[in-house]
Structure formats: structure tokens, C-alpha cells
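Asks: Just so you know, we're using the numbering used here here: the sequence shown kicks off at 199 and counts up by one.
Glycine included, every Cβ here is placed at the ideal spot set by N, Cα and C.
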Amino acid sequence: MPNRVFSLLTLSLLTIVTPELNAEVEAPDHWALQPIVRPAVPEVPEQLADRVRNPIDAFVLAHLAAEKLTLSPDASPATLLRRLHLDLTGLPPSPQAISAFLEKSKADPESAYHEAVEQLLDSPHFGERWGRHWLDMARYADSEGYLGDAIRPWAWVYRDWVVTAINEDLPYDEFSIEQLAGDLLEKPTLEQLVATGFHRNTLRNTEAGVDLELYRTKEVVDRVNATGTIWLGLTLGCAECHDHKHDPITQHDFYQLYAFFNNADESTASLPLTPELETYARSLLSKKDLEKNPDPKLSARARTFRERTKDRRESFVHERGDYTRHGEKVTPGFPAVLHSLPGKTDAPDRLDLAHWLFDESNPLTARVAANQVWQHLFGVGIVATPDDFGTAGSPPTHPQLLDWLATEYRRLGWSRKELIRLIVQSSTYRQSSAVRSEFAEHPTGNTLLWRQNAFRVSAETVRDLNLAASGLLDPSLGGPSIRPPLPGFVTEVGRSVQWPVSEGGDRYRRGLYIFLKRTVIYPMLTTFDASDTSVSCARRERTNTPMQALTLLNDPVFFEGAEALGRDLHTRHGENIDEAIEDLFQRCLGRSPLTSELDTLRSAHDDFARASANPEAAMMATARVVLNLDEFVTRD
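1) To which residues of the same chain is E326 closer than 8 angstroms at the C-beta, ignoring the five residues directly before and after it?
2) In the DSSP assignment, the beta strand (DSSP E) including S528 goes from what residue to what residue?
3) Applying the criterion that 16 or more other CB atoms from any shown protein chain within 10 Å of the CB defines a buried residue, is K715 buried or exposed?
4) With S513 as the anchor, note down where its beta strand (DSSP E) starts and where it stops.
5) Just grab the DSSP bridge partners of S674 for me.
6) Residues in its own chain within less than 8 angstroms of D557 by CB, not counting five upstream and five downstream?
7) Which residues does DSSP list as the beta-bridge partners of T832?
8) By a C-beta neighbour count over all protein chains shown, 10 Å radius and 16 as the cutoff for buried, is S513 buried or exposed?
9) Is the separation between the beta-carbon of A604 and that of R634 shorter than 8 angstroms?
10) Helix or strand or just coil, what does DSSP make of R705?
11) Alpha carbon to alpha carbon, how far is I428 from E814?
12) Measure how close the beta-carbons of A273 and S631 come, nearest whole angstrom, since I'm counting them as under 8 angstroms.
13) For the 8 angstroms Cβ check, are there 3 or more pairs between the region 571-584 and the region 389-406?
14) Considering only the alpha carbon of each residue, which of M817, V699, G380 and H397 lies closest to L391?
15) Can you grab the Cα-Cα spacing for the pair E265 / V581, in whole Å?
16) Check whether the Cβ atoms of D367 and S613 sit closer than 8 angstroms, and answer yes or no.
17) Given this structure, state the Cα-to-Cα distance separating T394 from E411, to the nearest angstrom.
18) For P836 and A457, which I take to be in contact (beta-carbon distance under 8 angstroms), what is that distance rounded to the nearest angstrom?
19) Give the list of continuous alpha helix (DSSP H) stretches no shorter than 4 residues that lie fully inside the region 291-336.
20) Under a three-way DSSP split, which group does V571 fall into?
21) Mapping the DSSP letters down to three states, classify K715 as helix, strand or coil.
22) Around the Cβ of T769, are there at least 16 other Cβ atoms within 10 angstroms (buried) or fewer (exposed)?
23) Please state the DSSP three-state secondary structure of Q629.
24) Across which residues does DSSP place I680 in a beta bridge pair?
25) Can you tell me which residues form a DSSP beta bridge with D367?
26) When the Cβ atoms of the region 593-610 are set against those of the region 434-449, are three or more pairs found closer than 8 angstroms?
27) Just tell me which of Y413, F653 and A260 has its CA closest to the CA of Q245.
28) I want to know whether the region 759-777 touches the region 815-827 - three or more CB-CB distances under 8 angstroms.
29) In the DSSP assignment, what are the bridge partners of D272?
30) With 16 as the cutoff for other CB atoms within 10 Å, does S341 come out buried or exposed?
31) With distance defined between alpha-carbon atoms, name the residue in N423, A778, W648 and G677 nearest to F459.
32) Quick check on S794: does DSSP put it in helix, strand or coil?
33) Given that a residue counts as buried once 16 or more other Cβ atoms are within 10 Å of its Cβ, and exposed if not, what is N774?
34) Does S374 come out as helix, strand or coil in the three-state DSSP assignment?
35) Once you ignore the five residues that flank D834 on each side, which residues in its own chain have a CB closer than 6 angstroms to its CB?
36) Could you compute how far the alpha carbon of V535 sits from the alpha carbon of L432?
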């Protein structure tokens with residue numbers, strides 16, 4: 199009887215599930231696989247022409263008009279400045295910067311805005327902010343993972359390469375090619391070899407007695423999956439064990455891509471030896487010429503890596519994903535549903551794969567890349583599933599705009615800064631995020647962008663905001679990762695954790711530089727939804743939990759920030775509480791308090807003062823109130 203019930207249940211599940219799984223869309227019909235054609239910019243009615251600052255607005259207005267919606271007015275100058283700072287650098291504007299911007303805006307708001315954009319794009323902190331986005335996708339961490347979770351003492355050099363490359367606006371195609379195949383370039387520079395640290399971001403099991411081939415295979419599979427997520431926006435991993443159930447990607451396609459990555463010798467794929475890397479690190483931090491490296495040992499090591507890749511392993515389809523069960527033999531190649539590489543007849547290598555990704559016939563890479571940039575400036579992409587442009591992913595809300603941005607990205611020479619400049623100059627980006635009652639119940643929500651999106655900032659930015667407002671932030675760039683204080687329970691439970699707490703200014707460096715140990719991710723980061731470093735992450739989740747409020751109140755670094763802020767406010771303003779509250783709001787929220795807010799905080803401060811004989815303690819308690827506001831951690 200139980201077997202009969204089980205059989206009936208299985209049959210019913212197959213009846214329900216199978217049609218959905220097999221409901222493939224013909225490859226030529228799916229929007230993401232169509233050739234990218236630059237669309238004409240829509241014409242805008244004369245009465246809306248004043249809202250069009252660039253073609254982006256014309257595309258958005260065309261969609262809004264079809265639904266009888268309109269763009270919202272521009273946000274206030276103070277809101278726009280804070281938005282720009284958080285989006286471009288991840289740091290708040292100082293009260294002095296706010297005051298200067300507001301003064302310039304009175305005379306010429308457009309000029310003041312353009313000047314602010316240029317200053318932020320030129321800021322060294324731009325690379326930190328946008329480098330963090332990339333490191334999520336590159337699954338960067340400072341340790342190997344698995345139970346042993348050995349430390350990678352020089353992983354940070356790859357992280358610093360990313361930040362430097364983004365600050366220097368290395369074109370996105372070159373930025374990608376150097377990471378995928380920098381070692382295969384003719385006479386690769388030391389920088390280009392460091393860039394291939396991208397491949398070393400995989401988890402690696404170094405424990406004694408493990409099946410080395412099993413875990414080597416897992417690393418290769420991870421590289422295939424990361425490539426699919428980052429550059430193709432496809433869930434290639436769904437084809438590891440069988441043909442993809444939703445997209446026209448076969449298991450054969452998967453293992454052809456696998457073959458591109460199946461020849462790296464891990465013993466030589468690691469970063470240079472410690473003395474050599476230390477020399478490089480110093481040159482990186484001091485921004486010396488990285489083209490010149492007199493160390494012959496390092497050059498020999500780089501050549502060895504390239505020479506060993508010539509002795510290529512044979513690759514096979516793994517039946518049901520089992521590396522011990524070899525199916526048909528495969529050679530490096532590209533998914534049949536996509537284009538081939540023009541002029542390439544012999545066996546392609548990783549460098550060919552990198553060039554194939556950026557070939558103009560590729561319908562995915564430019565769309566995926568433009569969508570990633572858009573996502574970080576609006577909180578959600580034109581395609582809401584940046585890691586899945588397949589049939590199971592979300593369709594684009596503005597398909598013509600996406601294609602226009604993709605072609606524009608190429609036209610701009612793959613300049614990340616130029617594309618960002620274009621987007622943030624638009625009226626669409628500058629809108630207020632306030633909900634308008636007449637559109638609040640519209641069935642499309644805000645997918646058509648009749649207002650800007652407000653959203654909580656990233657985990658690292660939450661920390662940075664506190665440190666910046668309190669004056670504790672150490673803004674220095676680069677260098678080894680730092681270890682802020684860990685809650686006691688982390689080191690007391692389970693395996694012992696070696697976590698020497700950083701002292702001095704290092705303790706207060708940006709969240710980007712926090713040591714990422716895969717088995718013990720810094721709790722504050724996980725509380726605010728930092729990415730899982732074990733897989734490529736193209737989109738972070740945003741949750742809202744009580745633990746976040748408790749962290750803002752009680753985390754050691756946040757508490758120290760409140761102490762420093764309260765002490766500084768008391769030193770600057772003494773018994774003038776209204777001035778102190780004004781300063782507090784400017785530092786934390788980038789604006790002046792409303793009269794009602796001023797009255798409430800003044801009353802709260804008086805209560806705190808009566809409860810404590812220490813005036814600094816009363817001001818610290820007042821500061822903690824503002825530091826724990828939703829507005830403090832929200833990009834409006």
C-alpha cells in the first residue's frame with residue numbers, strides 16, 4: 199500500500215511539474231537572445247520636453263505616457279547630493295559639502311549638480327563603492343572555505359586591483375578580459391596576472407585526505423557558473439547534470455565551457471610568492487609603475503603558468519554531474535544557441551572565450567552589463583533578475599531602453615564612468631522618491647519609474663555611514679584586510695576562531711576592507727544581507743529585521759561611533775542643544791531637522807540629561823536615536 203501511494207504521488211507530481219519544466223522557448227524567440235539593435239529615441243510630447251535631459255528620459259516617458267503616468271519632480275538639492283554620494287562613493291556628504299552645494303544650487307542648480315557628479319566620479323572612493331559591487335559577483339573572500347577555511351593572506355591584492363582598475367576607468371571589456379585570461383595575453387604585466395586572481399576566488403578544500411580531483415572539478419564548475427552569472431546572465435549551473443530545463447543550454451554546452459577552465463594548474467594559478475607579492479603590494483599601494491618588475495623569479499613563475507596550460511587535460515561530459523562517469527569527449531566551445539567566434543577554427547582558449555563575450559554578435563554581455571550598472575543606481579535592474587536573463591527570469595520593464603543602454607555602453611568604449619554619468623544626469627534618476635497618491639495604487643507599482651526608488655544601503659555602507667558621521671572613519675585606501683571586534687559568542691561556539699582585533703585607525707576603516715572569513719563572515723555584515731562569498735552574487739537581498747536595529751544600537755563599533763559623535767557634538771556646541779541637533783542631522787541625514795523633530799529630540803536630550811550627570815553621555819544617547827533611524831540607513 200505505501201508503495202502504491204508513493205507511485206501515485208510521484209505520478210501526480212510529474213503530471214504537474216513536467217509540462218512546466220519542458221516548456222522551452224525557441225531560442226530565436228526569447229528576447230535576450232535577439233541581436234542588439236540600437237532603437238530610435240522616442241519622440242516626446244512638447245508639454246513633457248522640459249523633463250528630457252537625455253535619451254534615457256525619452257524612453258522612460260514613453261512607457262509612462264502609455265499608462266497615463268508622469269515623472270515625479272526632482273528631489274530636493276540636499277536629497278540629490280546625499281543620493282549621489284551614497285550611489286557613487288558609499289559615503290555621506292560632509293556638512294561643509296552640503297552647505298557649499300546648496301549655495302551653488304541657488305545660483306545655477308544644473309551646474310552645481312554636474313560639478314558634484316564630476317567630483318564624485320573622480321573620487322578615489324568611487325572605486326571602493328563600485329569595486330564592492332564587482333567583488334560580490336567575483337565571490338571574493340580572504341579564506342579558502344570548507345571546514346579548514348585556511349586564510350589567503352594575499353587575496354586582498356586582487357581586491358585592490360579591482361578598486362584601482364575601476365578608479366582608473368579601465369574599459370569594462372579590458373577589465374573583464376584581464377580577469378578571465380590576463381595570463382594568456384602577450385607579455386602580460388604584473389597587474390594582468392594579479393587580475394586572474396578572479397579564478398582563485400573559488401572555494402578550495404585543503405584538508406588532508408580529501409578527493410583532490412573532486413574538489414578541483416568543483417572549482418572548475420564554479421568558474422563556469424560565475425562566468426554565466428557575470429557576463430551572460432544565465433544560470434549555466436542548471437545544465438551541469440542534464441540539459442537546462444528552461445533555457446536552450448544543453449549539458450554538452452556546459453562542458454564545452456567547462457573545458458575552457460579545465461587546464462589551469464592550481465599550484466601555479468596562485469598569486470606570487472610572499473616576498474614577491476609584498477614587493478608588488480607596496481608598489482600597488484604607492485601607485486608606482488606596475489609595468490616594471492625586476493624580480494626574475496616572478497617572471498619565471500608567470501611563464502610556468504602559461505607553459506603548463508599548453509599540456510591540456512581532456513574534458514568530458516560528466517554523466518549526471520558525476521566527475522567519475524565520463525560521457526562524450528568535448529573540446530572548448532560556445533553554446534550552440536549563441537554565436538561562434540569569427541575566424542577561429544582551431545581549439546579556442548580562455549582568451550578566445552573572453553573575446554567571444556565582447557564580440558558585437560553576443561546578444562547578452564552588453565545587456566547584462568548595462569543592467570548591472572542600472573541596478574545599482576535604481577535599486578532594481580531593468581531586468582529584475584540580473585543573474586537570469588533566461589526564460590525563467592524577469593522580462594525587461596523597458597526593453598528598448600535596455601538595448602539603447604547596451605549599445606551606448608559599447609559606443610562609450612565600455613567606460614563605466616561615462617555610463618554612470620549619463621544615467622545620473624537624467625531626470626529619471628533625479629526624481630523624488632516620494633509616493634504620489636494618484637499613482638500609489640497603480641497595478642505596475644513603480645516598475646515604470648514614475649518616482650525614484652528608496653532602499654536601505656548595503657551592509658558595508660551602513661558601517662561606513664556610522665563611522666563617517668562620528669568622525670572615526672579612516673578613509674585610507676587598500677592594504678591588508680582588517681578585523682573589527684567580533685561578538686564573543688562567535689569565538690566561543692564551535693571551532694576556535696583566530697581573530698586578532700585591529701587596533702588604531704585600522705579598526706575604523708571602511709566595510710570593504712573587513713576580513714571575509716568564509717566560515718565566520720563578520721556578523722554585522724550578514725545581519726544587513728552581505729553577499730554569500732561562496733557563489734557569484736549579482737543581486738543582494740534586502741531584509742528588514744529587528745536584529746538590524748539591535749546591531750545599530752549595540753555593535754561595538756557602532757557604540758564607539760555614537761560615543762565619539764556625542765563627545766564631538768558636546769565639545770563643539772556645549773549647552774546649545776539646538777545647534778548640536780542641527781549638526782547631528784546634517785552629519786547623519788544630510789539635512790536640517792523639521793521643527794517637530796527638533797522639539798522631540800530636544801525633549802529626549804533633556805530626559806537623558808536628567809538621567810545622567812555626564813552631559814557627553816546625554817548627547818551620546820541623543821546621537822544614538824538619530825543613528826538608529828530608518829532614514830539614516832536609507833538611500834532616498
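Replies: Working from what's here:
1) Reading the sequence shown from its first residue, position 128 is the one you call residue 326. Non-local beta-carbon contacts of E326 in its own chain, meaning distances under 8 angstroms to residues more than five positions away in sequence, involve T287, G288, V361, L675, R708 and L710 in chain order.
2) Position 330 of the sequence shown, counting from 1, holds the residue named residue 528. Looking at the sequence itself, residue 528 is Val, so the reference to Ser does not match. Here the beta strand (DSSP E) through V528 covers H524 to V528.
3) As a working mapping, residue 715 is identified with position 517 in the sequence shown. Buried is the call here.
4) Numbered from 1 along the sequence shown, position 315 holds the residue referred to as residue 513. Per DSSP, S513 belongs to the beta strand (DSSP E) from S513 to H516.
5) Position 476 of the sequence shown, counting from 1, holds the residue named residue 674. Bridge partners of S674: none, in fact.
6) Position 359 of the sequence shown, counted from the start, is the residue given in the question as residue 557. The answer, listed in chain order, is H537, L539 and P540.
7) As a first step, residue 832 is located in the sequence shown; it is residue number 634 there, counting from the start. Beta-bridge pairing links T832 to R654.
8) As a working note, residue 513 is residue 315 in the sequence shown. The residue in question, S513, is buried, as its Cβ has 16 or more Cβ neighbours within 10 Å.
9) On the sequence shown, residue 604 is found 406 positions in, with the first residue counted as 1. On the sequence shown, residue 634 is found 436 positions in, with the first residue counted as 1. No. Outside cutoff.
10) The residue labelled residue 705 in the question sits at position 507 within the sequence shown. For R705, the secondary structure class from DSSP, reduced to helix, strand or coil, is helix.
11) Translated into the one-based positions of the sequence shown, residue 428 becomes position 230. Translated into the one-based positions of the sequence shown, residue 814 becomes position 616. Rounded to the nearest angstrom, the two C-alpha atoms are 49 angstroms apart.
12) Here residue 273 refers to the residue found at position 75 of the sequence shown. Here residue 631 refers to the residue found at position 433 of the sequence shown. Taking C-beta atoms under 8 angstroms as the contact rule, A273 and S631 qualify, at a distance of about 7 angstroms.
13) Not touching, per the Cβ criterion.
14) Counted from its first residue, the sequence shown places residue 391 at position 193. Nearest option by C-alpha distance: G380.
15) Taking the sequence shown and counting its residues from 1, the one referred to as residue 265 is at position 67. Taking the sequence shown and counting its residues from 1, the one referred to as residue 581 is at position 383. Taking the straight line from one Cα to the other gives about 19 angstroms.
16) One-based indexing of the sequence shown puts residue 367 at position 169. One-based indexing of the sequence shown puts residue 613 at position 415. In this structure, S613 lies closer than 8 angstroms to D367 by Cβ.
17) Mapped onto the sequence shown, residue 394 falls at position 196. Mapped onto the sequence shown, residue 411 falls at position 213. CA-to-CA, the gap between T394 and E411 works out to about 22 angstroms.
18) A query on residue 836 cannot be resolved here, the shown segment of the chain reaching from 199 to 834 and no further.
19) Runs of the alpha helix (DSSP H) inside the region 291-336: 293-305, 307-320 and 322-335.
20) The residue labelled residue 571 in the question sits at position 373 within the sequence shown. In the structure shown, V571 sits in a helix (DSSP, three-state: H, G or I).
21) On the sequence shown, residue 715 is found 517 positions in, with the first residue counted as 1. Correct three-state label for K715: strand.
22) Walking along the sequence shown from the start, residue 769 turns up at place 571. Exposed is the label assigned to T769, since fewer than 16 other Cβ atoms lie within 10 Å of its Cβ.
23) The residue labelled residue 629 in the question sits at position 431 within the sequence shown. Correct three-state label for Q629: strand.
24) Counted from its first residue, the sequence shown places residue 680 at position 482. BP columns for I680 point to I712.
25) Position 169 of the sequence shown, counted from the start, is the residue given in the question as residue 367. According to DSSP, D367 bridges with nothing at all.
26) A contact between stretches requires three or more CB pairs, one per stretch, nearer than 8 angstroms, and the region 593-610 fails this requirement with the region 434-449.
27) Along the sequence shown, one-based indexing puts residue 245 at 47. With distances taken between Cα atoms, Q245 lies closest to A260.
28) As far as the Cβ criterion goes, the region 759-777 touches the region 815-827, which means the pair count is three or higher.
29) The count along the sequence shown starts at 1 and reaches residue 272 at position 74. The bridge partners DSSP lists for D272 are Q629.
30) Walking along the sequence shown from the start, residue 341 turns up at place 143. Taking a 10 Å sphere around the C-beta of S341, we find 16 or more other C-beta atoms and assign the residue as buried.
31) By 1-based counting over the sequence shown, the position of residue 459 is 261. Checked all of N423, A778, W648 and G677; the closest Cα to F459 is N423.
32) Position 596 of the sequence shown, counting from 1, holds the residue named residue 794. For S794, the secondary structure class from DSSP, reduced to helix, strand or coil, is helix.
33) Position 576 of the sequence shown holds residue 774. N774 counts as exposed, since fewer than 16 other C-beta atoms from the protein chains shown sit within 10 angstroms of its C-beta.
34) Position 176 of the sequence shown, counted from the first residue, corresponds to residue 374. DSSP places S374 in the helix class (H, G or I) of the three-state scheme.
35) Taking the sequence shown and counting its residues from 1, one reaches residue 834 at position 636. Around D834: T277, S631 and A652.
36) Working through the sequence shown from its first residue, we reach residue 535 at position 337. Working through the sequence shown from its first residue, we reach residue 432 at position 234. C-alpha separation (whole angstroms): 12 angstroms.
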